[in-house]
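Worksheet for the structure shown next.
Numbering (full-length UniProt numbering), first residue to last: 1 to 190.
Structure, rendered in C-alpha cells:
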C-alpha cells in the first residue's frame, strides 16, 4: 500500500491538466474525452454492473466511464481485450457498436487494445501488439502503478522507438503510434 501512495504522490507532482498540454491531438483528447462531463445513458448501465459485481472489477467507476467514452471518441470498431475480467468488455460495449476479441487474431488490425498489466505480464509482447494496430489505434494499459515491475514495463513501452505518444493518467496508460507526431510523454490528471 505504501508503494502505491508514494507512486501517486510522485504522479501528482509531475501531472498537469489540459493547460500544460501543447499537442493539439492530446489537448483535444483531454478536453473532449477525458474531461467530458456530459451525462450518458451508458453510465446507468455501468453503475448497475458495479452493483452486481461488487469489488471484482479491476477499474474504478470513474475510470470505467472514461473507458466507455474512449470508444466513440476514436470511433473504435474493433477491439482486443486482454484481461480475465469479462466486465471490461461489457463496460466497453455499452452503447458502443464494437467487435471485441479476447484472443489475438493475427489477421485483424485493431482500433483499440485493452491490456491489464497485472494479468498479462507473462505473455506481454509489445512487438506483437504493435504489429496488429494501425496509426490511429490506441493501446490502453491498466494497473501501470500496481507494482514496480509494471512501472518498469511502462517505462520500457514509453522508450520504444515506434511509440510516439504516451499518456499517463495513473490508473490507465494510453499508447499511440501516430507517425505524424513527435515523440512525447504526457502525465495528465484525468
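Glycine residues also receive a C-beta, built at the ideal position from the N, C-alpha and C atoms. All values reported here derive from a predicted model rather than from experimental measurement.
In terms of residues, what are the limits of the alpha helix (DSSP H) holding residue i?
i           : result
residue 35  : Run containing residue 35: none; DSSP gives neither H nor E here.
residue 87  : 86 to 93
residue 6   : 2 to 14
residue 106 : Where residue 106 is concerned, there is no enclosing alpha helix (DSSP H), given that its DSSP letter is neither H nor E.
residue 26  : 24 to 29
residue 74  : 61 to 74
residue 18  : Segment: none, residue 18 is in no alpha helix (DSSP H) and carries neither H nor E.
residue 51  : 42 to 53
residue 155 : 148 to 159
Among the options, which one has its Cα closest to the Cα of residue i?
i           : options               : result
residue 37  : 106, 22 and 65        : 65
residue 13  : 35, 39 and 168        : 168
residue 137 : 80, 124 and 86        : 80
residue 25  : 148, 82 and 74        : 74
residue 189 : 183, 171 and 177      : 171
residue 70  : 186, 29, 128 and 126  : 29
residue 16  : 41, 77, 2 and 31      : 31
residue 174 : 181, 142, 183 and 131 : 142
residue 59  : 89, 131, 149 and 104  : 89
residue 264 : 86, 98 and 131        : Only positions 1 to 190 of the chain appear in this structure, which leaves residue 264 out of reach.
residue 109 : 93, 129 and 92        : 129
residue 44  : 144, 34, 55 and 62    : 62
residue 72  : 83, 93 and 87         : 93
residue 51  : 34, 27, 97 and 87     : 87
residue 134 : 101, 162 and 9        : 162
Would you list the residues sitting across from residue i in a DSSP beta bridge?
i           : result
residue 79  : 100 and 112
residue 185 : 166
residue 172 : 142
residue 133 : 110
Residue i and residue j look like a contact to me (Cβ under 8 Å); what is the Cβ gap, rounded to whole Å?
i           : j           : result
residue 179 : residue 146 : Not really, about 31 Å apart at Cβ, beyond 8 Å.
residue 53  : residue 95  : Not really, about 19 Å apart at Cβ, beyond 8 Å.
residue 176 : residue 21  : That pair is no contact at about 14 Å.
residue 76  : residue 116 : With a Cβ gap of about 18 Å, residue 76 and residue 116 do not count as contacting.
residue 85  : residue 57  : 7 Å
residue 144 : residue 113 : About 14 Å; that fails the 8 Å criterion.
residue 23  : residue 184 : 6 Å
residue 98  : residue 78  : 7 Å
residue 166 : residue 157 : 7 Å
residue 193 : residue 49  : Outside the shown range of the chain, which is 1 to 190, sits residue 193, and nothing can be said about it.
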